[in-house]
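> My questions all concern the structure below.
2 protein chains.
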Amino acid sequence: MAQKPSIPKGTRDFSPLEMSRRNYIFDTIRSVFRLYGYRQIETPSMEQMSTLMGKYGEEGDKLLFRIQNSGEKAGEAPEKGLRYDLTVPFARYVVQHREELQFPFRRYQIQPVWRADRPQKGRYREFYQCDVDVVGTDSLVCETELIKMVEEVYSRFGIRVSMHLNNRKILAGIAEVIGEEDKITDITTAIDKLDKIGADNVNKELLERGLSREAVDRLQPILRLEGSNEQKLQQIAETLNQSETGMKGVEEMREVLRLYESTRTAADNNAFRLEIDLTLARGLNYYTGAIFEVKALDVQMGSITGGGRYDNLTGIFGMPGVSGVGISFGADRIYDVLTELNLYPAYTLETTAVLFATFGEKEREYAMQWADSLRRQGINTEVYPDCSKMKKQMSYADANGIEYAAIVGGNEMETNTVMLKNMQTGEQQQVSLEMLTQTLIQK
Amino acid sequence: MAQKPSIPKGTRDFSPLEMSRRNYIFDTIRSVFRLYGYRQIETPSMEQMSTLMGKYGEEGDKLLFRIQNSGEKAGEAPEKGLRYDLTVPFARYVVQHREELQFPFRRYQIQPVWRADRPQKGRYREFYQCDVDVVGTDSLVCETELIKMVEEVYSRFGIRVSMHLNNRKILAGIAEVIGEEDKITDITTAIDKLDKIGADNVNKELLERGLSREAVDRLQPILRLEGSNEQKLQQIAETLNQSETGMKGVEEMREVLRLYESTRTAADNNAFRLEIDLTLARGLNYYTGAIFEVKALDVQMGSITGGGRYDNLTGIFGMPGVSGVGISFGADRIYDVLTELNLYPAYTLETTAVLFATFGEKEREYAMQWADSLRRQGINTEVYPDCSKMKKQMSYADANGIEYAAIVGGNEMETNTVMLKNMQTGEQQQVSLEMLTQTLIQK
């Protein structure tokens, strides 16, 4: 047992500093969710295997963690698994609780998910997702609100982002007009990689996937679309005017952009870019309308937020015809972006306002009474529990980022004061309880 | 697939109403933890099986949930398991991160734990624990602060409680003076049941466990101890004056009570009772000093908080000599107590301040702009996304506990107003954006 203990690969411990930063991220996202009327739910960590299997493709099935009771026989097929995302459990929740829910149902959910992926930099086997969805309405007001929520979240973080917008109906229309309607999945899978592998390789892949040379050629102007969103829309509309589905997608996108613009004010800054991106495909098959993806402008990193509209997510659980739209914020990647850009506000460090450091037992009791009085004013206060050397007590305050030390010796007890030390400047001042309280409350 | 989906037995979905109540509980507990300078950590849901096995007794081992990757062969022994409590992962954390930590280390941790217990009323297979511990000091200041934290938490909840206090050294001393030093575990296991099975059955069990009739007789006055804490201490000291360990326990208890009393003020009410209870044993073997347990006075329910001091918890991971003390709040039982006593403050319902209900598309766009303006003031606002019948929109506001509806028709658009309806009283009033903002900000 003398061997140093460890945790399973791909998992993490979070220190107090990391937790205060993570809480800052979750609190910021949550407060924007609530600003738009979304309500929190939680679902169990474990779901029936039948709920999870077959929802994430063959690859996904292999990445599920299965759970066995210790009491169960080895080899017995486990009936439970850890959730893989928050979307499928949400669909299951909606179907299971349909009688209690009032539609449209706006929900958010912030919980960990588990994937037996090969661990690597930035990819973990346990990580948090922050999902927000509204189901039971196909109103484009919802897409518009989600865009505004993304803008608000990143504006609060101070992260400059570009939000890419596409529509599955436009992609379907493109497949239609280039004469490869049945190859829509191959097309989206290939062009999804444009960013990573470049146009030549995408075209090669399209040919390998069985598209005709002519179809690939006809796809090129669409992939290379440039100009303002309005100009892009114009060109897409011209290309797709023979496809009913495609034109429906164009109309949806135009309406979302119009609604979004109608609530923008001069005060809004340029830290947020919303741009049509026909190369955005997103892997998941359940999307049927708008799709979104967000990238940070100042950091090299994959998508930090993504989502879209789905018309039949609850259909897999026997409740068809419930349209919804949602997005998911990737807390771990946002953490990395904030760290790389050094954007954490100073106040995010959840710390103690003052540490009482004392020279002996009597002084410590005196400090406990002062501490009690400060806490009754809501001031986060610690008393160093041992009568250790003053140097050790000061280094404790330093290590924990505590701004003030209130030092108590015999002299302070006699004069009913403490020696208040600013740990950053080293300044010291003898103060009364009233002055101490005032100093700390004003922080 | 048409079968209604379900979740594994012993697990739960939490609705928005339940979540807002649970958040109220967690936030209250967390803010008291922070008031005393405790810092949050989180550990992974899964730990190595070697970390978990053998820490909870034979029964505990059987209740561990084991995890397999889907890729692993069936029958292969899983090396990972879901955490069973927050104490063992915390001990593992302290040992693993000893170089980075500053002792004394005050930490809190609020996370779910999993036990493959037979599910029954009030007992779940996934539930949250709220743990607070300080390690690296044996100062009794810590016990005192934990008692005060318990008092503060339940005072904020408005729950009247009694906190039972005992000390493992006193229990050891009792075993010693009745001549049954080696039967300390049998004695504590038996008298732990006094509440449930009564004195006669406890005595019967003690005899069955091999105690002499004389020893059982000598135990009786100690079990039936009455009077004030001071009177009890007096009697225990007399009984134990031949046991060094026992007297050490008496001294510790006396000091903790004295320190606690020294910070009480006249303002403190009588909703909190702190009482010596020699029949309190607590099952876990790692306790070595003070032990605590808290019960609600006005509800029939088991312990809602408990803990104690341990001198060698990290020893199992190869780091001996680290004393610590901690307590754990049972969020689920607190939830049940608050529900039964109807003690949730009205504001705990995390809801939207106003719903815009509109008569058509133009009105909805107008509402979106108003909503945007309110949100910029931090007011939680929803726009009903569809142009449904007004009755449906009103019933949505009702079902979601939204206090105000802002109704928009052609007349309102012409006069640049909304019709503000108080959903509880039914009162309606035509208001400007400024008046609306003022009304909602003052809430």
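Line by line, the protein sequences give chains A and B. Numbers given in my numbering equal positions in the first sequence, counted from 1, plus 859. Numbers given in my numbering equal positions in the second sequence, counted from 1, plus 859. Every residue gets a Cβ at the ideal spot worked out from N, C-alpha and C, and that includes glycine. Treat the numbers as computed from the prediction; the structure is a model and nothing was measured.
Out of Gln1101/A, Cys989/A, Ile1095/A and Glu1004/A, state which residue places its alpha-carbon closest to the alpha-carbon of Gly1038/A.
If we check each option's Cα against that of Gly1038/A, Gln1101/A comes out closest.
> Going straight from the alpha carbon of Leu1116/B to that of Glu959/A, what length do you get?
Leu1116/B and Glu959/A: Cα-Cα distance of roughly 50 angstroms.
> Look up Asp1059/A in the DSSP assignment and say whether it is helix, strand or coil.
Here Asp1059/A sits in helix by DSSP.
> Could you tell me whether the segment 1018-1028 of chain A touches the segment 1146-1163 of chain A, using the rule of 3 or more Cβ pairs below 8 angstroms?
Verdict: yes, contact present.
> For Glu1110/A, which option in Ala1256/A, Ala1149/A and Gly1269/A has the closest C-alpha, if you only look at C-alpha atoms?
Nearest C-alpha to Glu1110/A: Ala1149/A.
> Can you find a CB in chain B that lies within less than 8 angstroms of the CB of Ser874/A?
Yes, its Cβ sits closer than 8 angstroms to a Cβ of chain B.
> If we define contact as Cβ-Cβ less than 8 angstroms, is Val954/B a contact residue for chain A?
Yes, because at least one Cβ of chain A sits closer than 8 angstroms to the Cβ of Val954/B.
> Using a Cβ cut-off of 7 angstroms, pull out every chain A residue sitting near Arg951/B, in sequence order please.
Chain A residues near Arg951/B: Pro864.
> Once DSSP output is grouped into helix, strand and coil, what is the label at Asn1259/B?
In this structure, Asn1259/B counts as coil in the three-state DSSP scheme.
> Near Tyr1013/A, what residues of its chain come up, given a Cβ to Cβ distance below 6 angstroms and the 5 sequence neighbours on each side ignored?
Only Val1020 meet the Cβ criterion.
> Tell me, please, whether the segment 1244-1259 of chain B touches the segment 1207-1220 of chain B by the rule of three or more beta-carbon pairs shorter than 8 angstroms.
In short, these stretches touch, since the Cβ pair count reaches three.
> Assign Arg982/B to one of three DSSP states: helix, strand, or coil.
In this structure, Arg982/B counts as strand in the three-state DSSP scheme.
> I want to verify the contact list: residues of chain A whose CB lies under 9 angstroms from the CB of Gly1105/B, in sequence order.
Near Gly1105/B there are no residues of chain A at all, since even the closest Cβ is about 24 angstroms away, more than 9 angstroms.
> To the nearest angstrom, how far is the alpha carbon of Ile866/A from that of Pro978/A?
Rounded to whole angstroms, Ile866/A to Pro978/A spans 13 angstroms at the Cα level.
> Under 8 angstroms between C-beta atoms, does Phe1218/B make it to chain A?
Not an interface residue.
> Enumerate in chain order the residues of its own chain whose CB-to-CB distance from Val891/A is below 8 angstroms, with the five nearest sequence positions on each side excluded.
Excluding sequence neighbours, Val891/A sits near Met1008, Glu1011, Val1012 and Arg1015.
> What is the DSSP secondary structure of Tyr883/B, reduced to helix, strand or coil?
Three-state DSSP puts Tyr883/B in a helix.
> By Cβ distance below 7 angstroms, which residues in the same chain neighbour Phe1176/B in space, the five residues on each side in sequence not counted?
Excluding residues within five positions, the ones whose Cβ falls inside 7 angstroms are Ala950, Arg951 and Val954.
> How big is the Cα-Cα spacing for Gly896/B and Met878/B?
Each residue's Cα considered, the two are about 26 angstroms apart.
> Considering only DSSP beta bridges, list what Gln968/B is partnered with.
Gln968/B pairs with Asp990/B.
> The alpha helix (DSSP H) with Tyr1119/B in it runs from where to where?
Unbroken alpha helix (DSSP H) run through Tyr1119/B: Glu1103 to Ser1121.
> From Ile884/B, Gln1283/B, Leu1279/B and Tyr967/B, pick the residue whose C-alpha is nearest to that of Thr1298/B; which is it?
Taking only the C-alpha atoms, the option nearest Thr1298/B is Leu1279/B.
> In chain A, what lies closer than 7 angstroms to Val1242/B by C-beta?
Those are Val1000, listed as they occur along chain A.
> Quick check: the Cα distance between Ser1087/A and Arg957/A, rounded to an integer number of angstroms?
Cα to Cα, the separation comes out at about 43 angstroms.
> Closest to Gly1161/B by C-alpha separation, out of Gly1180/B, Arg1234/B, Ile1043/B and Lys980/B, would be which residue?
Nearest C-alpha to Gly1161/B: Lys980/B.
> At 3 residues or longer, and completely inside the segment 1197-1245 of chain A: list those beta strand (DSSP E) runs for me, N to C.
For the segment 1197-1245 of chain A, whole beta strand (DSSP E) runs of length 3 or above, ordered along the chain, are 1213-1217 and 1240-1242.
> Measuring alpha carbon to alpha carbon, tell me which residue in Thr902/B, Trp1229/B, Thr1122/B and Arg1072/B is nearest Val1277/B.
Closest by alpha carbon: Trp1229/B.
> Residues in the same chain with beta-carbon distance under 6 angstroms from Gln988/B, minus the five sequence neighbours each way, listed in chain order, please.
Contacts found: Leu945, Val972 and Ser1187.
> Taking the C-alpha atoms as reference points, what is the distance between Leu1078/A and Ile1033/A?
If you take the alpha carbons of Leu1078/A and Ile1033/A, they lie about 8 angstroms apart.
> Residues bridged to Ala1049/B by DSSP?
DSSP output for Ala1049/B lists no bridge partner at all.
> Residues of chain A with CB under 9 angstroms from Gln907/B, in chain order?
The contacting residues are Pro864, Ser865, Ile866 and Pro867.
> Cβ closer than 9 angstroms: which chain A residues qualify as neighbours of Tyr1255/B?
Within chain A, the residues near Tyr1255/B are Gln961, Phe962 and Pro963.
> Compute the distance between the beta-carbons of Ile1193/A and Ile884/A, then report whether it is under 8 angstroms.
Going by C-beta atoms, Ile1193/A is nearer than 8 angstroms to Ile884/A.
> Closer than 7 angstroms between beta carbons: that is the criterion. Which residues of the segment 1218-1239 of chain A meet it against chain B?
Within the segment 1218-1239 of chain A, the residues whose Cβ lies closer than 7 angstroms to some Cβ of chain B are Arg1223, Glu1224, Met1227, Gln1228, Asp1231, Arg1234 and Asn1239, listed in chain order.
> So with Cβ pairs under 8 angstroms, would you call Gln927/A a contact of chain B?
Output row for Gln927/A: interface = yes.
> Leaving out the 5 sequence neighbours to the left and right, which residues in its chain are closer than 8 angstroms to Asp1054/B when beta-carbon positions are compared?
Contacts found: Thr1138.
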